[in-house]
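So the structure is just underneath, and the comments pick up after that.
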Amino acid sequence: MSEREIRVRRTKEISPIDVYKLLPKTNCKECGEENCMAFAAKLVNREVKLEECPPLLKKENEEAYKKLWDLLKPPVKEVTIGVGDRAVKIGGKLVMYRHELTYFNPTAIAIDVTDEMTDEELLQRAKYTEDFRYGYIGQELRLNMIAIRSTSNDPQRFGSTVKKVAEKTSLPLILCSLDAKVLEPGLVATAGRRPLIYAATKDNWREMAELALMYDCPLTVFAPGDLKLLRSLAGTLTEYGVEDLVLDPGTLPTEGLADTINSFTMIRRAACKEGDELLGFPLIGTPITAWMEKGEAPEIAAWREAYVASMLITRYADALIMHSAEGWVLLPTLILRQNLYTDPRKPVAVEAGLRTLGKPDGNSPVMFTTNFALTYYTVESDITSGGVDCYLIVVDTEGISVESSVAGRQLTAEKVAEAIKQTGIEGKVKHRKLIIPGRAARLSGEIQELSGWEVLVGPIDSSGIPKFIQEKWKPGEA
Amino acid sequence: MKEEDEKRVVLKFGPKLLELLSKFGEIELEDVDIEVEDLEIWLQPAAAVAAPPAVVVPPPPTIVKPTEILEAEFVPPVWEYPGQIVEVNLGATKGKGGTRSMSLTVGGEEVPAYYLFEKPTPHPPVIVFDVFDAKIPLARAVRMHVQDVMGDPAAWAKLAVEKFGADMITLHLISTDPLINDTQPKEAAKTVENVLQAVDVPLAVGGCGDKKKDMDVFERVMEVADGERLLINSVTLDMDIERMGKAIKKHGHVALAFTSMDMNQARELNRRLYDFLPREQIIVDTTTAALGYGLDYAFSIMERTRLAGLMGDAQLQHPMASGTTNAWAAREAWMTMAPEWGPRELRGPIWETVTALTLLLTGVDLFMMMHPAAVRTVKEVIGELTGGGGGNPEKIADWVTMKI
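Chain order of the listed sequences is Y and H. Numbers in our numbering are just positions in the first sequence, counted from 1, shifted up by 1399. Numbers in our numbering are just positions in the second sequence, counted from 1, shifted up by 3.
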């Protein structure tokens, strides 16, 4: 019998009924839900945790608890790197495709330093990585880890470098050397910090396993281009007692990128769709290998690193090690990560209320839009890039776009009139003229009636706002 | 020791050890007797342990450490799919009723995008370069490459093919917009003829967005370019589908069926087109949003569309196109930002590149693009993904110690 045949085929599509059967079925409401079935539905969607069911934690339900835990456990193990506020969790993926549920634990991104950098460069890069921030849709996009590479292969030097970095940052660390003797002083310097060890290979796995056990750290398994070896090592290390593994099938940034994409895809499918526990660990990619080509301009290497990173984020990488600390490389990388890790089940919404764009005064235009993030940010961008000073009222349409919310009645004249009152806009402008989205034109009469404001129907697309204001906005003519 | 604790120990170690022994019986077991003895002690009833059980000692490791690599198999997780994407030809050569030097085929996929362990990609995706028939505002990073040819679509197309490596051209007839130049269909068709003469690659023709005018223009263009197998960009639900479908069929062109991020609309539009057109004359475009401005929606709609087609949804078994140029709608692509974010001359093209590659991995067959560097990168990656592989893993085996 081949291993394929004996491997248990396990689909991760769990129904609430499967879960309900194992719950206490007492409908005690102690979890806050109306009944056990409602709790089961939320469990399947990962909106609640098993431990929120008090009866389940009682001794007589121990077996049911264990079965449920097994049933609900993600096919890709969750591994924690680091400790404290900035510890990162990687993996914990429940699905292969984001539309099947949602992706948890955004790809953690590490920037590298080496033990041959000057102290100044070392600490400057560490600080850059720790402090990196970009404000996007009301969130802060950040970097997550520092990867310290031993390029000297000198244990003492590596140990002292790790010590310096560890003293200056609370970020989780990845300690990189394929030589256990070099690595150990680094582990001594970070005792209790739970760095990720990079990496166990076919040659050093026993020593690395011992270190991982001794210092209680997660361990990367590195088997470039050889999935049989990767799977064998994962199995061996699991038996050795190392529970938290991270898999690296190798990142080939130029020739062989096809193999890399292929490997990441096979591993994730084997884990998520076929229940392969030996491949059910987080994946780490190393776009930093884009810097290995000799004699290239740094912009070329950085460019390649940026797009290889993006492809690996799309194809299942749970962590990345990168070298570029350039804004133009990191921005697309972090924004793509944010995009793909957004919960596709929830419409993305922004806060309702009044926004002041530019420097409006008492004669400036007043417009409204919906709180669907995409609509809002597009409108906001069109207004600011067009240099328009105005007030923008964001109406709560339950995160739905203008056209759909008019049709679905999440956007009504009543809501608009109420928003005008609540935002206090009447105290900020002298006029009473409201520009409404072209796609809400059919509400114009009703809005006028309910709010007492004169309604001007604006353009269908917000890109027409600057032109519209230029041509049509005459606040004086009441 | 409490009974509960003991039970947990048994649960935890029992099956594990059994599995270990049965599966890996052939390997050398270090200190195995002692370990088993330890385990037996743990399995003794609670009564045997002297009271009080104040401190619960964690169980000692009962793991038998392997001394060599335990060989496991790896079997690629290959699946079968009931559906296949149709093949669509773009551009017709002299023998086939057109004047192009070659024809391009897209589609034909039988497996998800770049699941190379299942099947190679039958046809490499094509890159279509955007050309406009009138001056339009372009991001500076793009404008600097096409400055000299703006306003001359034939020269622009030639530059795109000869210098930037475009597989195809989209000629956007934006000047036909009644609110811009209101160029008449007859005149617009002349521009199409000029471009057809200037380059010999397959051509796509775009309108101005005014549906009524677009239909008049497309009809005229399709007539003068009879048999050229143009890609008509685009046919939408709010057009007269019968009129468009019949004209595309009559003159031997291909419809780009455009819908806005809604699989049901995509199905509906295709269904309505099937009344007039064979499936081999339809490519779908479910809308591309820029990285950071809804790319996640575009990504998932495309991924779902392709998977649905492969799983047997006949109304979604069409090659997919992406208006990747929409990437430039993102402010990060064109805006001047603080110096730490780098020059927009780099931010813009990397934005278009990342938008394209993200969608490439959903299975997009045709990219409409604008920046030469983005075009070149996407072409290189496509070349690698469709014809490459066989890289040497040894090259990166020691990346940890590389000097940068």
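By construction, the Cβ of each residue, glycine as well, lies at the ideal position given by its N, Cα and C atoms. Only a predicted model underlies this, so the values are computations on that prediction, with no experimental measurement involved.
Fully contained in the segment 1704–1783 of chain Y are the following alpha helix (DSSP H) runs of length 4 or more, in chain order: 1726–1739. Counting only Cβ-Cβ distances below 8 angstroms, F120/H has contacts in chain Y at N1661, T1664, M1665, in chain order. Residue range 1487–1490 is occupied by the beta strand (DSSP E) that includes K1488/Y. Residues of chain Y with a Cβ closer than 7 angstroms to the Cβ of S303/H are, in chain order, R1497, H1498, P1743.
Exclusion of the five residues before and after R1532/Y leaves E1539, L1540, R1541 as the residues of its chain whose Cβ lies within less than 8 angstroms of its Cβ. V1418/Y and A1670/Y have their C-alpha atoms some 21 angstroms from each other. When DSSP states are grouped into helix, strand and coil, H254/H belongs to the helix group. Fully contained in the segment 1781–1869 of chain Y are the following beta strand (DSSP E) runs of length 3 or more, in chain order: 1789–1794, 1832–1835, 1853–1856.
The beta-carbon separation of D133/H and M372/H, rounded to 7 angstroms, stays under the 8 angstroms limit for a contact.
In terms of Cα proximity to P1836/Y, the closest of E1817/Y, T1811/Y, G1851/Y, T1822/Y is T1811/Y.
The three-state secondary structure of Y296/H, taken from DSSP, is coil.
In chain order, I177 place their CB closer than 7 angstroms to the CB of I139/H, counting only its own chain and leaving out the 5 sequence neighbours on each side. For T1568/Y, no chain H residue has a C-beta closer than 9 angstroms to its own C-beta; the minimum C-beta separation is roughly 19 angstroms. Excluding residues up to 5 positions away in sequence, N197, V198, A201 lie with their Cβ nearer than 6 angstroms to the Cβ of A157/H in the same chain.
Burial is judged here by how many other beta carbons sit within 10 angstroms of a residue's own beta carbon; I1819/Y has at least 16 and is buried. Leaving aside the five residues that flank T1777/Y on each side, the residues in its chain whose CB is nearer than 8 angstroms to its CB run, in chain order, S1861. Between N329/H and A359/H, the C-beta gap is not smaller than 8 angstroms, which leaves the two residues out of contact. The distance from the Cβ of V1787/Y to that of I1712/Y is about 35 angstroms, inconsistent with a contact at the 8 angstroms cut-off.
Across the set L1773/Y, F1767/Y, K1672/Y, E1802/Y, the C-alpha of F1767/Y shows the shortest separation from the C-alpha of I1834/Y.
Among the bridge pairs identified by DSSP, Q284/H is matched with none.
Where H148/H is concerned, there is no enclosing beta strand (DSSP E), although the alpha helix (DSSP H) around it starts and stops at 143–149. By the C-beta criterion, the segment 1559–1569 of chain Y is judged not to be in contact with the segment 1752–1761 of chain Y, since fewer than 3 inter-stretch pairs fall below 8 angstroms.
Of the candidates A1525/Y, Y1527/Y, L1582/Y, L1582/Y places its Cα closest to the Cα of N1552/Y. Restricting attention to E1515/Y, E1459/Y, N1444/Y, C1616/Y, the CA atom closest to the CA of L1493/Y is found in N1444/Y.
Across the segment 321–339 of chain H, CB contacts with chain Y closer than 7 angstroms involve R334, E335, in sequence order along the chain. Y1527/Y is bridged by DSSP to nothing; it lacks a bridge partner. V164/H carries a helical assignment under DSSP once its states are collapsed to helix, strand and coil. In the assembly as shown, R146/H is an exposed residue. Its beta-carbon has fewer than 16 other beta-carbons within 10 Å.
Listed in chain order, the beta strand (DSSP E) runs fully inside the segment 1427–1476 of chain Y amount to none, counting runs of at least 3 residues. At least 8 angstroms separates the CB of L313/H from every CB of chain Y.
In the DSSP assignment, M340/H falls outside any beta strand (DSSP E) and carries neither an H nor an E. Membership of C1575/Y in the beta strand (DSSP E) is indicated by the continuous run 1572–1575.
Shown here, F132/H sits in a strand according to DSSP, grouped into three states.
Nearest CB-CB separation between W159/H and chain Y: not below the 8 angstroms threshold. Residue-level contact check: C1452/Y does not touch chain H, since none of the beta carbons of chain H fall below 8 angstroms from its beta carbon. A1579/Y and M1495/Y have their alpha carbons spaced roughly 34 angstroms apart.
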